[in-house]
Structure formats: structure tokens, C-alpha cells
């Protein structure tokens, strides 16, 4: 009890509590932490679980998105300080391989850094090394997180929050000097 049964249509795959798995909309597959009713056999508009893995504008099947993620050379990097520079990103991520491009996340109103970026490598193996060795490391006194991204498209460099930055910074209650102080809703009160 409390563990996921192994494989098949009878139950979710092994590897986590049952609560983390949901049956796909087709009734034939199990999806991890996805939207209830969504599956790889039916087109869906995904609501984001993170900025990179399920972009707000994604149209298509989860199978298509997973296929793109498996061959992608692009990483989403989050939890950056607003003061982290592109040069610092290049220095750290360049240790895993040759970087093709770095796109810094920007506040869509102020056009200033807002705590995330995309790093695109020339080779998939270099991106895999970055995921393996750099994810969870410290940069500018912050533990950064990396995730696969299906590929950068123009417009995704801007924050999606109402104030122009990231949504997560809108509602933050604590003071975080590396991310602009208090959250935007706290500052407005």
C-alpha cells in the first residue's frame, strides 16, 4: 500500500507513490504528474508544470513533445539571481561542452533579467552532461535548476507574470535579495 504497482494498464509504473501517477485520457497509459485526463494519444493544450517541460503555448500531443525533448540540445535554467550575467552562465555551462547560444530571460516590461535563461548546446551529449553535473549546483549563492526544453522560440525569453517577470515572483512572501526583494503582490499591499 502506498507504492505504485509495476507497469501496464493494471496500474501505474513503479517508481513513486500512486498519487504522483494519473491515468491518461485514453485509459491505456499512465502519465506522471500530468494534468488529469491528458495522455500521449490525444492532442492537448498543456498547462505548465514548469516553464520548460510544458510551455503554456504548446499545441500537440504529449508524445510529440516528449520526442522533441529526447532529441533537444536546449536546457531551461531556473532560480537564477536577477544579477547573474550571461558571462557567468557561459563560464559554468561551458564546462560541459560547446555552447551554441544563451538566451537570458527578461522582464517583458522593464527588459531586465528576471531569473531564468535558455542554454543551447551544439551536441545532445553536452546538454546531458550539463543536466547531470550542473543541475542543483550553486551560482551567485543560489541553487540553480535545469530542465530539458523542446527548443527556444522567440517570445519565450519574456516572463509571463502580470508585472512582466516570472509568475513565481508575483506571489513570493519572503524577502529574496537575489530576486528583487519581496514578491510583487507583497510590495503592492
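Residue numbers (the UniProt record's numbering): 1 to 189.
The beta-carbon is built from N, C-alpha and C at its ideal position, and this holds for glycine as well.
What separation, rounded to the nearest whole angstrom, lies between the Cα atoms of residue 143 and residue 150? 23 Å
Taking its Cβ as the centre, do 16 or more other Cβ atoms sit within 10 Å of residue 126, making it buried, or is it exposed? buried
Taking 6 Å as the limit between beta carbons, can you name the residues of its chain near residue 86, skipping five residues before and five after? 102 and 104
Closer than 7 Å: residue 67 CB and nearest the ligand HEM heavy atom: Only the bare structure without any ligand can be found here, which leaves the ligand HEM out of the picture.
Bridge partners for residue 131 per DSSP, in chain order? Paired residue(s): none; residue 131 is not in a bridge.
DSSP bridge partner residues for residue 76 (one or two, in chain order): 118 and 147
Would DSSP call residue 100 helix, strand or coil? strand
Within its chain, find whatever has a CB closer than 8 Å to the CB of residue 71; leave out the 5 residues flanking it on each side and keep chain order. 124
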